[in-house]
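Novice: Below: one structure in structure tokens.
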Amino acid sequence: MRLSHTLVPTLKETPAEAQIVSHRLMLRAGLVRQTAAGIYAWLPLGWRVLQNIEQIVREEQDAIGAQEMLMPTIQPAELWRQSGRYDAYGPEMLRIKDRHDRDMLYGPTNEEMITDIFRQSVKSYRELPQMLYHIQWKFRDEVRPRFGVMRGREFLMKDAYSFDLDYASAVVSYRRMMLAYMRTFHRLGVNAIPMEAESGPIGGNLSHEFIILAPTGESRVWYDAAFERMDYSPRAVSHESEADLERFFVQMTTPYAATDEKHDEAAWARVADKREGRGIEVGHIFYFGTKYSTPLGLAVAGRDGAPVTPHMGSYGVGVSRLVGALIEAFHDDAGIKWPDAVAPFRAAILNLKVGDANCDRLCEDLYAKLRGNALYDDREERAGVKFADADLMGHPWQIVVGPRGAANGMVELKRRMTGERQELDIDAALARLG
Ligand code: P5A
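One point on numbering: in my numbering, the residue at position 348 of the sequence shown is 604, and numbering is uninterrupted.
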């Protein structure tokens, strides 16, 4: 895209309402704009990042055999009356009436709806286990929406649901999902620690939150320093092997790690190397047995023909929250430093002298060759403005084209993550970008 005709409203000033660095940078780099408290429009750059994160999440869900689908945002209250959560959910639920005076709601999560869909069509034990997921907007009328997209009212979640015949099989699904989560966060370039957590309004007795350590995080956490030395790359683990999954689960959950609500002083006292801190909850998984399948009447015919109530789990990733969490992890004073995997564009092309025949020709050539992977700063602006905006937007590479170099076919290539710079001819520069 050509920056002159792209909606990237960068800001020089720090917006007063933004308390944490990711919120400030998301506004300053023109990724999002707030339209109401806790509700955001995703502008072109932010939308590209959100889609990149979504795609990594999707690929790792698909890799463990979860099936993608899409459920609506608006749900009938009736389903929630059946589960007993309609009243229990309280003022966080956005309740709506349609023209026929029917009670509807904007879904804060989808346990009831998926259970209803599943009960209509799955009749036999032979069809289990199954995992389904969607990536869909949720609404929670949070008491204190804050920190930008980190705690929004409308936010994008990947939510998956598992159906198993018994407890033992449900535990395998739970571990398989934990593996998918560790792979997802690893690809995003962050370490997320699985911590024992309270299951809250979702319910159940087995639950882990995935926490990225950050001083600005909302969650207070307690963990064994062993996590600082942990190898988070789950490459060698097969999701097909129950033994592998068990070994992996034990490895990830043996050292002490708990959120505030689950913190256990007696167990904590036995930890030799203690760490306390704050973190951002980017995922949360639950096993809750038959909490929804029983009241909603989901049953399948078992091996002997007698009805069996499936055991369920649900598994959330905060996709839009991750945009903020990644910025918390990757930034400096000048702006965002996107990891390659999620960057809105691989490179920015900075034309330092628009109108100079050599600069224009070289930039157009690069722009054509990078085919959609570059944002071309073709604005009639001073070089200083272009440098500052490129650093702020955080593309992994900057290709700087000035009149002196351009006369000899040379450009300067800057790696945003490290600050490293190199003078190269255009072919060598393109080769470096890969
Ligand atoms: C699991 C999937 C659930 O809702 N039901 C379906 C379960 N879990 S959860 O912990 O409540 O949410 C899952 C993840 O969503 C993110 N999240 C938010 N992101 C931005 N703004 C919010 N207000 C918000 N609330 C939850 C978190 O990353 C959470 O782990």
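All C-beta atoms in this analysis are idealised placements derived from N, C-alpha and C, irrespective of residue type, glycine included.
9 angstroms is my cut-off, CB to CB: does R531 come that close to chain C?
Specialist: Any reference to chain C falls outside this structure, which holds one protein chain only.
Novice: In terms of DSSP beta bridges, what is H279 paired with?
Specialist: Bridge partners of H279: none, in fact.
Novice: Please say whether W478 and R531 have beta carbons closer to each other than 9 angstroms?
Specialist: Their beta carbons are under 9 angstroms apart, which means R531 touches W478 by this criterion.
Novice: Classify Y423: buried if its beta carbon has 16 or more other beta carbons within 10 angstroms, exposed otherwise.
Specialist: When all chains shown are included, Y423 counts as exposed.
Novice: Just to confirm, are L412 and V575 a CB contact at a threshold of 9 angstroms?
Specialist: Cβ distance < 9 angstroms, so L412 and V575 count as in contact.
Novice: Pick helix, strand or coil for S570, following the three-state DSSP scheme.
Specialist: Strand at S570.
Novice: Identify the continuous beta strand (DSSP E) that holds K670 and give its terminal residues.
Specialist: M666 to R671 is the span of the beta strand (DSSP E), which, as asked, contains K670.
Novice: DSSP state of A285, grouped into three classes?
Specialist: In this structure, A285 counts as coil in the three-state DSSP scheme.
Novice: Tell me the residue span of the beta strand (DSSP E) that contains V656.
Specialist: First-last of the beta strand (DSSP E) with V656: W653 to V657.
Novice: If we ignore side chains and look at the alpha-carbon of each, how far apart do A646 and L435 end up?
Specialist: Taking the straight line from one Cα to the other gives about 36 angstroms.
Novice: With a cut-off of 8 angstroms on the beta carbons, I'd call L299 and R284 a contact; round off their distance for me.
Specialist: Incorrect: roughly 12 angstroms between the Cβ atoms, too far for contact.
Novice: Pick out whichever of I541, G558, G302 and L686 has its Cα sitting closest to the Cα of V464.
Specialist: Just to set this straight, residue 464 is His in the shown sequence, not Val. Cα-wise, what sits closest to H464 is I541.
Novice: Output yes or no for whether 9 angstroms exceeds the beta carbon distance between Y381 and V564.
Specialist: Yes, the pair counts as a contact, with Cβ atoms nearer than the cut-off.
Novice: Taking Cβ to Cβ, would you say T472 is nearer than 9 angstroms to V641?
Specialist: No. Outside cutoff.
Novice: Between M581 and the rest of its own chain, which residues show a CB-CB distance below 6 angstroms, the 5 nearest in sequence each way excluded?
Specialist: According to the sequence provided, residue 581 is Ala. The question's Met does not apply to it. If we look at A581 and ignore the five residues flanking it on each side, its Cβ neighbours are I468, I536 and V538.
Novice: Is the CB-CB distance between L618 and A662 below 9 angstroms?
Specialist: Their beta carbons are under 9 angstroms apart, which means L618 touches A662 by this criterion.
Novice: Three or more C-beta pairs under 8 angstroms: does that hold for the stretch 485 to 500 against the stretch 437 to 446?
Specialist: Judged by Cβ distances under 8 angstroms, the stretch 485 to 500 makes contact with the stretch 437 to 446, as three or more pairs qualify.
Novice: Beta carbon of P659, beta carbon of D612: below 9 angstroms?
Specialist: For P659 and D612, yes; Cβs fall inside 9 angstroms.
Novice: What are the start and end residues of the beta strand (DSSP E) that includes I449?
Specialist: Residues A448 to E452.
Novice: In this structure, how does DSSP classify M325 when only helix, strand and coil are distinguished?
Specialist: M325 falls in the coil class under three-state DSSP.
Novice: Using 8 angstroms for Cβ pairs, my map puts Q678 next to L669. What's the rounded Cβ distance?
Specialist: Going by Cβ atoms, the distance from Q678 to L669 rounds to 5 angstroms, so yes, they are a contact pair.
Novice: What residue from E348, P511 and G675 has the CA that sits closest to A528's CA?
Specialist: The option with the nearest alpha carbon to A528 is P511.
Novice: Is there contact between the stretch 359 to 375 and the stretch 328 to 338, where contact requires at least three CB pairs shorter than 8 angstroms?
Specialist: Judged by Cβ distances under 8 angstroms, the stretch 359 to 375 makes contact with the stretch 328 to 338, as three or more pairs qualify.
Novice: With a CB to CB cut of under 6 angstroms and the five nearest residues on each side skipped, what residues in its chain are close to V264?
Specialist: Excluding sequence neighbours, V264 sits near G286 and L301.
Novice: What three-state label does DSSP hand F411 in the structure shown?
Specialist: Strand at F411.
Novice: So which of L648, C615, T365 and D397 has the shortest CA-CA distance to D634?
Specialist: Per the Cα distances, C615.
Novice: Considering only the beta carbon of each residue, do M327 and F419 sit closer than 9 angstroms?
Specialist: Taking 9 angstroms as the Cβ cut-off, M327 and F419 do not qualify as a contacting pair.
Novice: Please state whether DSSP places A293 in a helix, a strand or coil.
Specialist: A293: coil per DSSP, three-state reduction.
Novice: How close, in whole Å, do the beta carbons of K394 and G460 come, if the pair is a contact with beta carbons under 8 angstroms?
Specialist: About 19 angstroms; that fails the 8 angstroms criterion.
Novice: Considering Y389, what are the terminal residues of the beta strand (DSSP E) in which it resides?
Specialist: First-last of the beta strand (DSSP E) with Y389: Q386 to F395.
Novice: Which ranges does the alpha helix (DSSP H) cover as unbroken runs of at least 4 residues, wholly within the stretch 411 to 496, from first to last along the chain?
Specialist: With a minimum length of 4 residues, the continuous alpha helix (DSSP H) runs that stay inside the stretch 411 to 496 are 423 to 443.
Novice: Taking buried to mean at least 16 other C-beta atoms within 10 Å of its own C-beta, is K414 buried or exposed?
Specialist: It is buried - the Cβ of K414 has at least 16 other Cβ atoms within 10 Å.
Novice: Which residue from H356, G675, M349 and R409 puts its Cα closest to that of H587?
Specialist: When only C-alpha atoms are compared, the closest one is G675.
Novice: Alpha helix (DSSP H) containing V575: first to last residue?
Specialist: Unbroken alpha helix (DSSP H) run through V575: V575 to A585.
Novice: Can you give me the C-alpha to C-alpha distance between E484 and R534, rounded to a whole angstrom?
Specialist: C-alpha separation (whole angstroms): 14 angstroms.
Novice: Would you mind giving the Cβ-Cβ distance between G693 and G591, rounded to the nearest angstrom? I have them listed as a contact below 8 angstroms.
Specialist: The first residue shown for the chain is 257 and the last is 690, placing residue 693 beyond what the model contains.
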